[in-house]
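Protein chains in written order, with this note's numbering: chain A, 1 to 252; chain B, 1001 to 1255.
Quick reminder that beta carbons are idealized off the backbone N, C-alpha and C, glycines included.
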Amino acid sequence: MKRFRVLDIVLGILGLLTLLWIWHLVTMLELIPRVFLPSPAATIAALEWGLVNGDLLPQTLATINRMIQGWLLASLVAIAVGSLIGVSAIARAYIQPTLEFLRPLPASAIIPVAISIFGLNSSMVLGVVVFGAVWPTLLGTIHGFAHVEPRLVEVSRLLQMSRWEFIYKIGLPNAVPDILAGMRLSLTVALILAVVGELLTAQEGLGTAVLHAARSYRAADLYAGILLLGLIGLVSNYGLAIADKRILAWKN
Amino acid sequence: MAQNAAIELKDVSLSFGSNEILTGIDMSVEPGEFVCVIGASGSGKTTLLRMIAGLLPPTTGAVLLHGKAVRSPTRRVAVVFQDYGRALLPWRRAYANVSLPLEASGMPANQRPARIRQLLAKVGLANHEDKFPGQLSGGMQQRLQIARSLAQEPDTLLMDEPFGALDAMTRQTLQDEVLRLVAERKTTVFFVTHDIEEALYLGDRVVALDSNPGRVAYDIKVPLPRPRDQLTTREHPEFLRLRREMFEIMNKIHA
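Encoded structure:
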C-alpha cells in the first residue's frame, strides 16, 4: 500500500508537469495568440505580482470564505435534515421522490429565484451555494441511515436506546462514510457556485477578478485567477481526503 | 409460593401468514439454569430465542420472564448473536463497544472506565481495548460481544449459536469461559446450538426441537458434575450415554 502511494504522488506531479510543459510548448510555438493564452511564466509572474502587490489575495480569500461558509452551512443542514428523514422508513418513502425532483435541478436554474428573494448581494450567493451543495450530503446521509445493519437495529432495541440515542450512536456513525463522500462532492459544487454567484453580483472575489481581467484583455491575470481556482479545488479535495482517512480509520 | 421461572413459554406458537414456524411450545427455565436448545436449521430455535428477547411477539401463547409477560426487550436480558461481525459497532473501539450498554442504562461517565476494564479483563481482552472490531480475530470479536452482553449485568443470557462460526480450539476455550462467567453470577442461560456435544457439555438440560413446524421433541436433564472439563466430562460414561441417546433422538426426528 505504502509503496504505491509514493509512486502515485510522483506520477501525479509528473502529470501536472506534463500539462505545464504542453502549455509552455503551445505558447512558445504561438499556436494560440499570446493575447488569449499567455505563457506559464507570464501567468506565474502575474500571479506573484497580484498576490504581493495587487488585490488577488483578498479576492482569493473572499471566494474561499464564500465557498467554505456555504459548504459548511449546506453540510450542517444536510446532516440534520438527512438524519431526521433517514431514521424513519416512512419519512424516507414520503420525501424521496420530492428530493429526486429537486436534486437534478441545475443550481444555476434557481439563481433567478434566489435573486428575486435576496436581491443581487452576498446573501443570494450564499443561498445559491447552499442550495447546490446540500444535495450530495443530504442524499448520502439518508442513504447511510437507510443501510444500517439490521443486527445493530436489534442491538439498539435490546438496549432500549431512545430514537435520539439511535441517531447519534448508530445511525450517524454508520452514515459517516456516505456523508464524507457527499461532502467531498459538494465542496466542488460550492466552489463553482461561489464563482458563478460572484460573476452575477459583482461581489469581491476571484470570479469577478477573472471576469474583469478577461474584459480588459489581461490574459496573464485571467489565467492567474484560473490557476488559483484550480489550486483551491486541489488543496481542499486533498485536505478532505486526508480527513476522510483519519475519520474512517476503523474501515481499514 | 414457588419462585417464578426465569423463562416460561406457555403454548407459544408463531406463524407468518399460513407458514407455521413454531407450535405449542411449553417450556420453563429455572433461575440459574443452563438450558441448551438443539435442532436442525429451520426448526425455529433462533425464532424462539428472538421471542424470549422480546424482538418478536408470539402469534398465540405467552412468553413470561420471572412471571411477567414480555412485550418488548428489557436490559435484564442480554443476547449474544452468532454473527459477531455484524452485532458489534465497527466504528467503536473494543472499549467503546463495551461502553454502549453502560451508556444506555445511564451509568455515570466516571463509573464506566473501571467497569469496562474489568469486563475486558474478564474475557481476556485487557490488552486490546484500543482495537477496532475489524482488527480482532473472530474469537476475540465474540469475546468482545460477550463482554458487552455482561455489561448489561443481565439475569438472563440468550446465546444464538455463539460459537458456530469459530474454529474448534477457540470454541472449546470460549465454552469454558462462558461456563465460568455465568457460574460467577448464577445467570440463567438459554443457549441455541446445532451441536449435540456442545449442548451436553454446557447444559443442565437439553431441549431438542422437531422441525416443520418447530415443536419440543425431547427435554432431557444432563446430570454431569460441575465444573465441567473438556477432557474428563467428554469421557464421562454418562456423557457418552447421553450423546448416543441424543444422536438417536435426532436421527429419529430427521428420519
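Beta carbon proximity, residue i to chain B, threshold 7 Å
i                 : result
Pro177 of chain A : no
Met183 of chain A : no
Arg157 of chain A : yes
Trp250 of chain A : yes
Arg246 of chain A : no
Gln160 of chain A : yes
Arg151 of chain A : yes
Glu204 of chain A : no
Pro173 of chain A : yes
Glu48 of chain A  : no
Met1 of chain A   : Low confidence applies here, because Met1 of chain A scores a pLDDT of 47, under 50, leaving its location unreliable; read the following figure in that light. Cβ-Cβ to chain B under 7 Å: no for Met1 of chain A.
Thr63 of chain A  : no
Gly233 of chain A : no
Glu154 of chain A : yes
Distance CB(residue i)-CB(residue j) smaller than 7 Å
i                  : j                  : result
Val1216 of chain B : Lys1045 of chain B : no
Gly182 of chain A  : Phe145 of chain A  : no
Val1012 of chain B : Ile1025 of chain B : yes
Val1189 of chain B : Leu1157 of chain B : yes
Leu158 of chain A  : Val1123 of chain B : no
Val129 of chain A  : Leu193 of chain A  : yes
Gln69 of chain A   : Leu206 of chain A  : no
Thr141 of chain A  : Ile179 of chain A  : yes
Leu187 of chain A  : Ser108 of chain A  : no
Ala220 of chain A  : Thr43 of chain A   : yes
Gly1067 of chain B : Asn1004 of chain B : yes
Ile1052 of chain B : Pro1213 of chain B : no
Val87 of chain A   : Ile167 of chain A  : yes
Gln1145 of chain B : Ala1087 of chain B : yes
Lys1186 of chain B : Gly1032 of chain B : yes
Ala1183 of chain B : Ile1038 of chain B : no
Leu1048 of chain B : Ala1094 of chain B : no
Leu1224 of chain B : Thr1232 of chain B : no
Ala260 of chain A  : Val125 of chain A  : The structure shown does not extend to residue 260 of chain A, since chain A is modelled only from 1 through 252, so no value can be given for it.
Leu1064 of chain B : Glu1008 of chain B : yes
Arg1076 of chain B : Asp1204 of chain B : no
Extent of the continuous alpha helix (DSSP H) run through residue i
i                  : result
Asp1229 of chain B : No alpha helix (DSSP H) holds Asp1229 of chain B; DSSP gives it neither H nor E.
Val129 of chain A  : Ser122 to Ala146
Met183 of chain A  : Leu172 to Thr201
Asn237 of chain A  : Ala219 to Ile247
Glu1008 of chain B : Per DSSP, Glu1008 of chain B belongs to no alpha helix (DSSP H); it is in the beta strand (DSSP E), Ile1007 to Phe1016.
Met1250 of chain B : Pro1237 to His1254
Thr1059 of chain B : Thr1059 of chain B -> no alpha helix (DSSP H), and no H or E assigned at all.
Lys1131 of chain B : It is not in any alpha helix (DSSP H) - Lys1131 of chain B carries neither H nor E in the DSSP assignment.
Met1140 of chain B : Gly1138 to Ala1151
Continuous beta strand (DSSP E) stretch holding residue i: start and end
i                  : result
Leu1209 of chain B : Arg1205 to Asp1210
Glu1198 of chain B : Premise fails: Glu1198 of chain B lies in the alpha helix (DSSP H), Ile1196 to Leu1202, not in any beta strand (DSSP E).
Ile1025 of chain B : Asn1019 to Val1029
Thr1187 of chain B : Segment: none, Thr1187 of chain B is in no beta strand (DSSP E) and carries neither H nor E.
Phe1034 of chain B : Phe1034 to Ile1038
Ile64 of chain A   : Not the beta strand (DSSP E): Ile64 of chain A falls in the alpha helix (DSSP H), residues Leu56 to Gly86.
Nonlocal neighbours in the same chain, by C-beta distance under 7 Å from residue i, ignoring five residues either side
i                  : result
Gly1139 of chain B : Leu1166, Thr1170 and Leu1174
Leu1119 of chain B : Val1098, Ala1147, Leu1150 and Ala1151
Met1001 of chain B : Model confidence at Met1001 of chain B stands at a pLDDT of 44, short of 50, so the residue's coordinates are unreliable and nothing is read from them.
His1236 of chain B : Leu1224
Arg1243 of chain B : Ile1196, Glu1197 and Leu1200
Gly225 of chain A  : Leu206, Ala209, Val210 and Ala213
Contacting residues, own chain, Cβ-Cβ under 6 Å from residue i (five flanking each side not counted)
i                  : result
Gly15 of chain A   : none
Gln1172 of chain B : Gln1230
Leu20 of chain A   : Pro40
Glu1129 of chain B : Ala1094, Tyr1095 and Leu1120
Residue-level contact to chain A via CB, residue i, 7 Å cutoff
i                  : result
Leu1200 of chain B : no
Val1178 of chain B : no
Leu1055 of chain B : yes
Cβ neighbours of residue i in the same chain (closer than 8 Å, five flanking residues each side left out)
i                  : result
Trp1091 of chain B : Phe1132
Glu1198 of chain B : Cys1036, Phe1163, Arg1171 and Gln1175
Gly127 of chain A  : Ala114, Ile117 and Phe118
Leu1056 of chain B : Leu1014, Thr1047 and Arg1050
Residue i Cβ short of 6 Å to the ligand FAD heavy atom set
i               : result
Asp8 of chain A : By its list of ligands, the structure shown contains no ligand whatsoever, and the ligand FAD lies outside what it can speak to.
Closer than 9 Å at the beta carbon, the chain C residues around residue i
i                 : result
Glu165 of chain A : Among the protein chains of the structure shown, namely A and B, there is no chain C.
Residues in the stretch 1024 to 1050 of chain B with C-beta within 8 Å of chain A's C-beta atoms, listed in sequence order?
Taking 8 Å as the Cβ-Cβ cut-off against chain A, none of the residues of the stretch 1024 to 1050 of chain B qualify.
Along the stretch 1127 to 1146 of chain B, where does the CB come closer than 7 Å to a CB of chain A? Name the residues.
Result list: Phe1132 and Gly1134.
Beta carbons nearer than 9 Å to chain A: which residues of the stretch 1097 to 1126 of chain B have them?
Answer in chain order: Leu1100, Pro1101, Glu1103, Ala1104 and Ser1105.
Of the residues that make up the stretch 1070 to 1091 of chain B, which ones have a beta carbon closer than 8 Å to any beta carbon in chain A?
If the cut-off is 8 Å between Cβ atoms, the stretch 1070 to 1091 of chain B has Ser1072, Pro1073, Thr1074, Arg1075, Val1077, Ala1078, Val1079, Phe1081, Asp1083, Arg1086, Ala1087, Leu1089, Pro1090 and Trp1091 near chain A.
Along the stretch 91 to 102 of chain A, where does the CB come closer than 8 Å to a CB of chain B? Name the residues.
Close to chain B, meaning a Cβ-Cβ distance shorter than 8 Å, is no residue of the stretch 91 to 102 of chain A at all.
Closer than 9 Å, Cβ to Cβ, to anything on chain B: give me those residues from the stretch 20 to 39 of chain A, in chain order.
Under the 9 Å Cβ criterion, the stretch 20 to 39 of chain A contributes no residue.
Taking Cβ-Cβ distances below 7 Å as the criterion, which residues of the stretch 68 to 89 of chain A are in contact with chain B?
Listed by position, the residues of the stretch 68 to 89 of chain A near chain B (Cβ gap below 7 Å) amount to none.
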